[in-house]
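K.L.:
The structure that follows is given in the form of C-alpha cells.
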Amino acid sequence: MSDKHTGNCFCGAVGVEVTGAPEAMGYCHCESCRSWSAGPVNAFTLWKPENVRVTKGAELIGRFKKTENSDRQFCTRCGGHLMTDHPGFGLIDVYAATLPTLAFKPALHVNYAETVLSMKDGLPKMKDFPSELGGSGEMLPE
Numbered sequence: 001m002s003d004k005h006t007g008n009c010f011c012g013a014v015g016v017e018v019t020g021a022p023e024a025m026g027y028c029h030c031e032s033c034r035s036w037s038a039g040p041v042n043a044f045t046l047w048k049p050e051n052v053r054v055t056k057g058a059e060l061i062g063r064f065k066k067t068e069n070s071d072r073q074f075c076t077r078c079g080g081h082l083m084t085d086h087p088g089f090g091l092i093d094v095y096a097a098t099l100p101t102l103a104f105k106p107a108l109h110v111n112y113a114e115t116v117l118s119m120k121d122g123l124p125k126m127k128d129f130p131s132e133l134g135g136s137g138e139m140l141p142e
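Going by this note's numbering, the first residue of the sequence shown is number 1, and it counts up by one from there.
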C-alpha cells in the first residue's frame, strides 16, 4: 500500500491528502452516517489527524456538527462530502470514496445494531463501537 493517497470533493475544488496507513477501515451502519451518506451504509477509513491534510480549497470547506463527536466536512461549492473529524476518538474519517487510490480493506462493521442492510461478508459485526472507543465491544451474529 502506498503511503500517500489524494482525493477531491465531487467538483474537485477541495483536495485532501492522507499519508501512512489508516488506523482502521470498515463500515458504519448508524442512522447518522446513513443519512449523511444518503446510503444504507458508510465506508470509513480512520486516520490520525496529523496524517490528513487539505491540499487545496480549505476556504470552501463547510462544517456540520450534529454531535460533539462528529464534525462533518463538505465542499460548499458542490456539496461533496469529504471527511468527519471525531475528536473524542482522536481520529478523522476520510470517506473511502474520497480516496480512489486507497485499496479499501474493511476489517469490521460498527453500529451494526442499527443496520438496514445485512451484510454477510464474514467480518466482525459490532453492536456499537469497540470498547477502547467507548462502546460496549459487544459482537452481533452475522
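No residue lacks a Cβ here, since even glycine has one placed at the ideal position from N, Cα and C.
Beta carbon of residue 113, beta carbon of residue 24: below 8 Å?
P.N.:
Locating residue 113 in the sequence shown gives position 113, where the first residue counts as 1. Locating residue 24 in the sequence shown gives position 24, where the first residue counts as 1. Cβ atoms of residue 113 and residue 24: not closer than 8 Å.
K.L.:
In terms of residue numbering, what span does the alpha helix (DSSP H) encompassing residue 70 cover?
P.N.:
Working through the sequence shown from its first residue, we reach residue 70 at position 70. Annotation for residue 70: no alpha helix (DSSP H) segment contains it, though the beta strand (DSSP E) segment containing it runs 70-75.
K.L.:
What is the residue span of the beta strand (DSSP E) that residue 28 lies within?
P.N.:
What you label residue 28 is simply residue 28 of the sequence shown in a count that begins at 1. Note, residue 28: beta strand (DSSP E), 24-28.
K.L.:
I'd like to confirm the pairing. Which residues does DSSP put opposite residue 62 in its beta bridges?
P.N.:
In the sequence shown, counting from the first residue as 1, residue 62 sits at position 62. 74, per the DSSP bridge assignment.
K.L.:
Helix, strand or coil for residue 113, going by three-state DSSP, please let me know.
P.N.:
One-based indexing of the sequence shown puts residue 113 at position 113. The three-state reading of DSSP puts residue 113 in helix, counting H, G and I together.
K.L.:
For residue 99, which residues in the same chain have their Cβ closer than 8 Å to its Cβ, ignoring the five residues on either side in sequence?
P.N.:
Position 99 of the sequence shown, counting from 1, holds the residue named residue 99. Once the five neighbours on either side are set aside, the close Cβ partners of residue 99 are 5, 6, 7, 16, 18 and 45.
K.L.:
Where does the unbroken alpha helix (DSSP H) through residue 31 begin, and where does it stop?
P.N.:
As a working mapping, residue 31 is identified with position 31 in the sequence shown. Start and end: 31-37.
K.L.:
Would you check if the segment 66-83 and the segment 115-132 touch, i.e. whether three or more CB-CB distances between them fall below 8 Å?
P.N.:
Not touching, per the Cβ criterion.
K.L.:
What distance in whole Å lies between the Cβ atoms of residue 61 and residue 94, which are believed to be in contact at a cut-off of 8 Å?
P.N.:
Residue numbering aside, residue 94 sits at position 94 when the sequence shown is read from its first letter. Residue numbering aside, residue 61 sits at position 61 when the sequence shown is read from its first letter. That pair is no contact at about 13 Å.
K.L.:
With distances taken from CA atoms, which of 41, 31, 54 and 97 is nearest residue 67?
P.N.:
Locating residue 67 in the sequence shown gives position 67, counting from the first residue. Measuring from the Cα of residue 67, the nearest candidate turns out to be 31.
K.L.:
Could you check if residue 3 is buried or exposed, using at least 16 other CB atoms within 10 Å of its CB as the buried criterion?
P.N.:
In the sequence shown, residue 3 corresponds to position 3, counting from 1. Flag for residue 3 reads exposed.
K.L.:
Cβ atoms of residue 86 and residue 29: under 8 Å apart, would you say?
P.N.:
Translated into the one-based positions of the sequence shown, residue 29 becomes position 29. Translated into the one-based positions of the sequence shown, residue 86 becomes position 86. The answer is no: Cβ separation not under 8 Å.
K.L.:
From which residue to which residue does the beta strand (DSSP E) around residue 46 run?
P.N.:
Indexing the sequence shown from 1 puts residue 46 at position 46. Element bounds for residue 46: 42-47.
K.L.:
Identify, in the order they occur along the chain, each residue of the same chain with its Cβ nearer than 6 Å to the Cβ of residue 127, setting aside the five sequence neighbours on each side.
P.N.:
Looking up residue 127 in the sequence shown gives position 127. Same-chain partners within the cutoff: 113, 136, 138 and 140.
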